[in-house]
Each structure stands twice: as structure tokens, then as C-alpha cells.
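Residue numbers (our numbering): 239 to 304. Since the structure comes first, as C-alpha cells, the remarks are kept for the end.
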């Protein structure tokens, strides 16, 4: 089963109103160390936003505002 299909299957359990996307951190930043290049961070956030737009369409049947 694809991840997107699995995500869609499990959103009915908590209800679509309670589905929230997040970065799961993954940046490993601190005030004194930059472990991930900013372009990678922005790419991750961009893909998170695109995933949220797709999920909105699937779960709510409408296009999210850009």
C-alpha cells in the first residue's frame, strides 16, 4: 500500500479536522551549529506545503489557497 493511500485510510480515525502536517524536525539545528543547508530546509518546507494542498483536496474536496 502506498504511503498516500495509508495516510488517507487513517485520517478517518481522528477525523479530517484533526489532521496536521509537520516537519518532524529533521533539521538538527542549534544556535551554534548548522547541520542542514538552508536550501534543503526550504525544499522540505515547500514539499510540506504542497502535501498540505494535496491533502486538503483529498480530505475536503476543494483546492487550498496558494
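For each residue, glycine too, the CB sits at the ideal point set by N, CA and C.
Within 8 Å, strictly: CB atoms of residue 281 and residue 259: Mapped onto the chain shown, residue 281 falls at position 43. Mapped onto the chain shown, residue 259 falls at position 21. The answer is no: Cβ separation not under 8 Å.
CA-to-CA distance, residue 284 to residue 278, given in whole angstroms: Mapped onto the chain shown, residue 278 falls at position 40. Mapped onto the chain shown, residue 284 falls at position 46. Rounded to the nearest angstrom, the two C-alpha atoms are 10 Å apart.
Residue 287 versus residue 294: straight-line alpha-carbon distance, rounded: In the chain shown, the residue the question calls residue 287 occupies position 49. In the chain shown, the residue the question calls residue 294 occupies position 56. Distance between the alpha carbons of residue 287 and residue 294 is about 11 Å.
Residue 272 at chain C interface by Cβ criterion, 8 Å: In the displayed structure, chain C is absent; only one protein chain is listed.
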